[in-house]
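Notes follow the structure.
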Amino acid sequence: MLACAVIVGMSTVAAGYFGLSRERADLIKEAARLESQLSDVLSQNLRVASLLSGHREVHAALAAHDGGSSDPDALGRLTIETARAAILVADRNGQVIAAGLRDPEDAQFMTALPETLRQTLRGSALSRRFITADPIGWVFEVGKPVFGPGRERLGFVLSYQSIDDLAQTWRALPDNLIVATTDGKTLFAHRHFAKPDWGLLRETVTSQVHATRLSLQRNPRVLLGYSGVGFLLGLAIYLSVFFALLSATRRRALAQARIDALAEDAAMLEARVKERTQDLRDEIQQHKHTEQALKESQSQLIQTAKLKVLNDMATGLSHELSQPLFALEASLDTLGYQLGTLPTEASTLLEKSRAVCRRMGQILNNLKSFARKDDAPPVLTDLSKPVAAAIDILDYEARRSQIIVKHQLPDDLPIGVATSPRLQQIIVNLLANSFDAVAKDGTGAVVIEYLTGPQIRISDNGPGFSNINTALTPFVTTKADRNGLGLGLSISAEIMQSFGGALDLASPPEGGASVTLTFDPGGEARQ
């Protein structure tokens, strides 16, 4: 009987020892996994701090401290976007000048940096340590100097990661987990982690985050423990069954906790991948739109440069032709004076030649006025003179295209606030648009009217505006040959606004297009 009891007891001890060994091996694996997870997560805060040292919002906060301007809520948004507990920006002396806090009630977190921390940062090194700060609690602090374009030190930026955020995954584990610093400061402990009062065997497995992964002032360590039971030979059978059940239950709990943690990590990773994929799609689409816009802008800039060259050429030609034309007109006057009495036909031809010279001189003067840069402020102006000058510039085009231009001055001179060169530019743009739109077979007509207000209305019998809502949009052209810049109407509208007036478009029911210029009738010049 005694031999049987001894055999059963020894078998029970062996089974218990085997169960303890298996559970210890499981605990070692779990501690190593948590140690690796903790190292990876904390390393992210190092990378975030390095990125923050070059972030524009951090530099803007330092510039605002030196007298510049910045968005006061920018650091707060940056803190939320990077999932930090807080982001602090300090000047060269270590005084906190700006803070981004995830919780506005943590405002008392803004203090001067300790002298040891300032010395570390002044040495252009990363500061990495665990600190406890009310009311945030335990956080992982990473600090880095901020340098200017010339490598001069502007200040410091500090990133804080809350240990409570990391503990969300650990809470799903069994009640035998504690995360602490090597000097005994507890960062996280499960609420049930405590030494049993009844003094049974306790086994602890420690896994430390090695310095090869992180260089910390306080290296964290992960401890996993379990409580065994004493073995009494007299209760061998009962205790062996009890311990087997306990060990199996704990192994199942650890396995389930690992499964839950992996499932949660997988779900979070999948959500991040989906979110990042959508962001990348949006960025690609935005890049395509930007690239297309840049191509269109480049094409328009090339065309604008060509027009600039033509404008410069027109100015030079106008200057070069004015001198010989003036000499020709003077020679004709001298010839008429020296010949004295001439036959009627010769006198008529001479007068026609003089008229042609005067006409050419007027056209050249109009071209020079049109090409001249106008920086003068708007004043009360006779609106009919710029209109007449614009008609002279386009007179040849109207006759060549067989377009009828109807222009009749009113009895009272139209007076409004404007400048002659810029108003002439508006009229040339509008007439050129009408000439492009109407028929070139003798039926095309453009009418220029003066209305009370004062107003100038230019209308034609063309097809009208295809889309009046986008007609004033820059770089939008509806010309059939697509040779237009799409800037004429938008520039004209901006010029009218600078006059204190307005430009209005209309497509009358009877057909055609109509543009009405409304001027300020005031008696004072407008800047």
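To convert, note that position 178 of the sequence shown is 179 in the numbering used here; the numbers rise steadily by one, no gaps. From the three backbone atoms N, C-alpha and C, an ideal C-beta is built for every residue, glycine too.
Please name the residue, chosen from I416, A494 and I405, that lies closest to G463 on a Cα-to-Cα basis.
I405
Starting from the C-beta of L424, find all residues in its chain whose C-beta is less than 6 Å away, skip the five residues before and the five after it, and write them out in chain order.
P387
Am I right that K407 and V448 are in contact with their C-beta atoms under 8 Å? What's the rounded C-beta distance?
5 Å
What is the DSSP secondary structure of G523, counted as helix, strand or coil?
coil
Would you kindly work out how many angstroms separate the C-alpha atoms of V418 and K275, rounded to a whole number?
59 Å
Would you kindly report the start and end of the unbroken beta strand (DSSP E) that includes T146?
Reading off the sequence, residue 146 comes out as Pro, not Thr. Per DSSP, P146 belongs to the beta strand (DSSP E) from G138 to F148.
Return helix, strand or coil for E153, following the three-state DSSP convention.
coil
Residue range of the unbroken alpha helix (DSSP H) whose run includes S460
Counting along the chain, S460 falls outside any alpha helix (DSSP H), though it belongs to the beta strand (DSSP E) covering Q456 to D461.
Across which residues does DSSP place S515 in a beta bridge pair?
S460 and A507
Please state the DSSP three-state secondary structure of G489.
helix
Tell whether a beta-carbon distance below 8 Å holds between V90 and V59.
yes
Straight-line CA distance for T1 to S460?
Examination of residue 1 is not possible in this model, given that the chain is present from 2 through 528 alone.
Please confirm if P146 has its CB atom under 8 Å from at least one CB of chain D.
Although the question refers to chain D, the structure presented lacks it and comprises just one protein chain.
Backbone secondary structure at V97 - three-state DSSP:
strand
State the DSSP-derived secondary structure class of S125, mapped to helix, strand or coil.
coil
Flag this pair as touching only if the stretch 508–521 and the stretch 464–474 have three or more C-beta atom pairs under 8 Å; answer yes or no.
yes
Bridge partners for E450 per DSSP, in chain order?
R458
Three-state secondary structure (DSSP) of S402:
coil
Roughly how many whole angstroms lie between the Cα atoms of L159 and P115?
13 Å
Under the three-state reduction of DSSP, which class applies to Q257: helix, strand or coil?
helix
Euclidean distance between Cα positions of L1 and S499
Residue 1 falls outside the range modelled here, since the chain spans only 2 to 528, and no answer is possible.
Less than 8 Å between the beta carbons of V49 and T83, yes or no?
yes
Just to confirm my understanding: we take G101, look at its own chain, exclude 5 residues before and 5 after, and list those with CB closer than 7 Å. What are they?
L76, G77, L79, T80, A87 and I88
For my contact list, R333 and R355 are in at a C-beta cut-off of 8 Å; report their separation, rounded to the angstrom.
Checking the sequence, you will find Leu at residue 333 rather than Arg. Contact flag correct, Cβ pair sits at about 5 Å.
Looking at the structure shown, is S348 part of a helix, part of a strand, or coil, going by DSSP?
helix
On the premise that L395 lies in contact with A433, defined as a C-beta separation below 8 Å, what is that separation, rounded to the nearest angstrom?
7 Å
Could you check which residue in L351, K353 and V357 has the C-alpha nearest to that of L326?
V357
In terms of residue numbering, what span does the beta strand (DSSP E) encompassing A389 cover?
Note, A389: premise wrong, no beta strand (DSSP E); alpha helix (DSSP H) at S385 to I394.
Sequence-distant residues of the same chain with beta carbon closer than 6 Å to T519, five excluded per side:
G454, Q456, G502 and A503
G417: first and last residue of the uninterrupted beta strand (DSSP E) it sits in:
I416 to A419
Can you find the residues in the same chain that come closer than 6 Å, C-beta to C-beta, to D521, ignoring five residues on each side of it along the sequence?
V418, G501 and G502
Proximity to L63 [Cα-Cα], best of P146, I132 and S298:
P146
Buried versus exposed, by CB contacts within 10 Å (16 or more), I285
exposed
Spatial neighbours of G235 in its chain, beta-carbon cut-off 7 Å, leaving aside the 5 residues before and after:
Low confidence applies here, because G235 scores a pLDDT of 41, under 50, leaving its location unreliable; read the following figure in that light. Same-chain partners within the cutoff: there are none.
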